[in-house]
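> Mind the numbering: the sequence shown is residues 80 to 672 in our numbering, read in order. Quick reminder that beta carbons are idealized off the backbone N, C-alpha and C, glycines included.
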Amino acid sequence: MKIMQEESLAMALWWPLLVLAAAYALCRILLFLIPPTVPSIDVDASDVHVPIGLKKNTSWYCLVYYGYLTIPPRKGKRAQTDKVKEHVAQARKAQKIWAKSSFKQRRQFLRILLKYILEHQDLICEISSRDTGKTMVDASLGEIMTTCEKITWLLDEGEKWLKPEYRSCGRSMLHKKAKVEFYPLGVIGAIVSWNYPFHNVFNPMLAAIFSGNAAVIKVSEHASWSGCFYFRIIQAALAAVGAPDNLVHIITGFAETGQALVSSVDKIIFVGSPGVGRMIMNTASDTLIPVTLELGGKDAFIVCEDVDLPSVVQVAVRAALQSSGQNCAGAERFYVHKDIYSTFVSQVVKIIKSISVGPPLSGRYDMGAICMIEHSEKLQNLVNDAVDKGAEIAGRGSFGHLGEDAVDQFFPPTVLVNVNHTMKIMQEEAFGPILPIMKFNSDEEVVKLANDSKYGLGCAVFSGNQKRAIKIASQLHCGVAAINDFASSYMCQSLPFGGVKDSGFGRFAGVEGLRACCLVKAVVEDRWWPYVKTMIPKPIQYPISENGFEFQELLVETLYGLSVWDRLRSLVNLLKMISEQNNSPANTRKKSR
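Below is the structure:
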């Protein structure tokens, strides 16, 4: 009877708790299902739309339409510097207001952007295609998906990683609380490349604005047209949440504009070449601002003999041809195990030969253009150098119907075999649709080959044995690794992105990239204030007592002794010393003669 009463009592206690837990879970589900209220924004696109007839009939993508090109003419260095400083000054004034904004307001800004992007994917991709020559699919993968992923990560986790983070206080500071606080730096400057004009603008802007900063972004002179339209989207979204005017600026220009920007901001993010990166560092040294450099790569794509070959081949081709190979994290060196080398090459060549290259908005083409005409000549020179040193062209893609004035803007996807490290194609960043494929005999050899590069951005390792792939990747000197995949780490926006060696240093994206936009401040405060306060022990108060050093020795042993017994023995001696000193005040000082 007593047992039944106890069970009834237990049920009576647990039942309300279960009901409350179920109600809480139900409320959470309902809140998740109810969409947030997100206003729409109106962005003027009347001057960037292409007439339907022009889309169908043109043999070339329209780089500049209606004369809407905003690269300013080269003026005197002083004039350019003054103009940039004016932009930064306006941004700095706006940032002081925005720094006080709530995370709720910042999240709403992100949701408005996300809504617009989802509803205008076609327009955003089309503008990127027209300015850089990439296909709509390439634009969707590299511009839309990456940006949406970053926005959703910031919505889900951004505030969490910018709130104060409590740390352990150590043995000597048990009476304290230790934490790290994150404050906006001020104005974040970014100089970005042309290959992904939408994402390269939004990537630094999103991190800067969400962390309470302002942003001044210099877009490439090769992709200024699209950048100026994308700026309208940002302006409209900021206005919709009541952000101060001039919080974000998009500027265009040449080297002197970039130099002036570096000299004016509180941090600079640069995406470009190692040569220009060194110039950025040199200029930044004058004001000692933090620098993040992403300077490209020569990523290794390693294929072991135990893979599912058909699926890996498709990944390999995408890794090389995404955005016509104009991809910072693109695969540029292919190392394939000798046992499957011939089969791998034949399957890759089969796909490459089926690829058609042409103007992406005027037909159904698999691959688009090379953004800069002179770059096609560089790519052909790399191929010629490899052939002169013994390589062979195993296969190339085909061109579509091109106008005579557009041929040099395209480069056929090309497979090279019998390559080695004496060839420039295996050492210099190609930034184009070339697949140099080299065989290897052992895991040790391929690690050595992959590390034989001045670059160190990323790698991709494929093996049917995941532990083997992880082991190989762990030995490669680079900042990013994908196991049995390509570039998947960039789609995990919680992860930092960046490299080593000539690929640069510092990280953007992820927790590290978000916090890199902040002044990181270490703070220590009393745990039990005002009951326990810091007091300088008598033996080391000024003037120092004659046994001050002996006291310090015992204190160190008490805190950091190797065993519990060592620490307890020192504590006893320490307390004994303090007790004796308190009982003999006349002996606490060394008498001066």
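(1) Kindly indicate which three-state DSSP category V436 falls into: helix, strand or coil?
(2) Between C69 and the rest of its own chain, which residues show a CB-CB distance below 8 Å, the 5 nearest in sequence each way excluded?
(3) Using the three-state DSSP reduction, which class does A158 fall into: helix, strand or coil?
(4) Where V122 and L440 are concerned, what is the direct C-alpha to C-alpha distance, given to the nearest angstrom?
(5) The beta strand (DSSP E) with D365 in it runs from where to where?
(6) Compute the beta-carbon to beta-carbon distance between F490 and G474, rounded to the nearest angstrom, for a pair I have assumed lies under 8 Å.
(7) Have a look at L99 and S305 and give me their C-alpha separation to the nearest angstrom.
(8) In the DSSP assignment, find the alpha helix (DSSP H) that holds T225 and state where it starts and stops.
(9) Let me know the secondary structure DSSP gives K533 once reduced to three states.
(10) Helix, strand or coil: which one does DSSP assign to C307?
(11) Grouping DSSP H, G and I as helix and E and B as strand, with all else coil, what is M656?
(12) Return the first residue and the last residue of the beta strand (DSSP E) that K258 is part of.
(13) Suppose you measure from the CA of V611 to the CA of C248; what does that come to, to the nearest Å?
(14) Rounded to a whole number of angstroms, what is the C-alpha to C-alpha distance between K135 and G442?
(15) With contact counted as at least three CB pairs below 8 Å, one residue from each stretch, are the stretch 564-580 and the stretch 225-245 in contact?
(16) Give me the residue from T160, C557, R547, D522 with the minimum Cα distance to K417.
(17) In angstroms with no decimal places, state the Cα-to-Cα distance between L192 and V271.
(18) Would a C-beta distance cut-off of 7 Å place V436 and F478 closer than the cut-off?
(19) Can you find a C-beta in chain E that's less than 7 Å from the C-beta of S299?
(20) Please name the residue in P369, F587, I516 whose C-alpha comes closest to that of I419.
(21) Give me the residue from P369, A102, L536, R606 with the minimum Cα distance to A257.
(22) Suppose you measure from the CA of D210 to the CA of C307; what does that come to, to the nearest Å?
(23) Does the Cβ-Cβ distance between S343 and K164 come in under 7 Å?
(24) Can you list, in chain order, the residues of its chain whose CB lies under 6 Å from that of G447, leaving out five sequence neighbours each side?
(25) Would the beta-carbon of I434 fall within 7 Å of that of Q488?
(26) Would you mind sorting S682 into buried or exposed? The rule is 16 or more other CB atoms within 10 Å of its CB.
(27) Among residues of its own chain, excluding the 5 on either side of F182, which ones have a beta-carbon nearer than 7 Å to its beta-carbon?
(28) Counting along the chain, where does the alpha helix (DSSP H) carrying M517 start and finish?
(29) Starting from G268, trace the beta strand (DSSP E) both ways and give me its first and last residue.
(30) Run through the DSSP bridge pairs and tell me what Y420 is partnered with.
(31) Which residue wins for smallest C-alpha separation from A465, given the options I504, C450, D126?
(32) Can you grab the Cα-Cα spacing for the pair H278 / P369, in whole Å?
(33) Determine the DSSP secondary structure at H199, reduced to helix, strand or coil.
(34) For A102, does the count of other Cβ atoms within 10 angstroms reach 16, so buried, or fall short, so exposed?
(35) Roughly how many whole angstroms lie between the Cα atoms of Y354 and I513?
(36) Taking buried to mean at least 16 other C-beta atoms within 10 Å of its own C-beta, is E625 buried or exposed?
The relevant details are as follows:
(1) strand
(2) Lying outside 80 to 672, the shown extent of the chain, residue 69 is not represented and no answer is given.
(3) helix
(4) 22 Å
(5) Per DSSP, D365 belongs to no beta strand (DSSP E); it is in the alpha helix (DSSP H), 353-366.
(6) Going by Cβ atoms, the distance from F490 to G474 rounds to 14 Å, so no, they are not a contact pair.
(7) 53 Å
(8) 225-232
(9) coil
(10) helix
(11) helix
(12) 255-263
(13) 15 Å
(14) For K135, the predicted structure reports a pLDDT of 39, less than 50, and the residue's modelled location is therefore unreliable. A value from the coordinates is still provided. Taking the straight line joining both Cα atoms gives about 7 Å.
(15) yes
(16) D522
(17) 20 Å
(18) yes
(19) Absent from the structure: chain E. Only one protein chain is present.
(20) I516
(21) R606
(22) 11 Å
(23) yes
(24) G212, K213, T214, S403, P439
(25) no
(26) Any question about residue 682 goes unanswered here, given that the chain covers just 80 to 672.
(27) E238
(28) Where M517 is concerned, there is no enclosing alpha helix (DSSP H), although the beta strand (DSSP E) it sits in stretches over 513-519.
(29) 266-270
(30) Answer is none; Y420 lacks a bridge partner.
(31) I504
(32) 22 Å
(33) coil
(34) exposed
(35) It should be noted that the sequence gives Gly, not Tyr, for residue 354. Their backbone Cα atoms lie some 23 Å apart in a straight line.
(36) exposed
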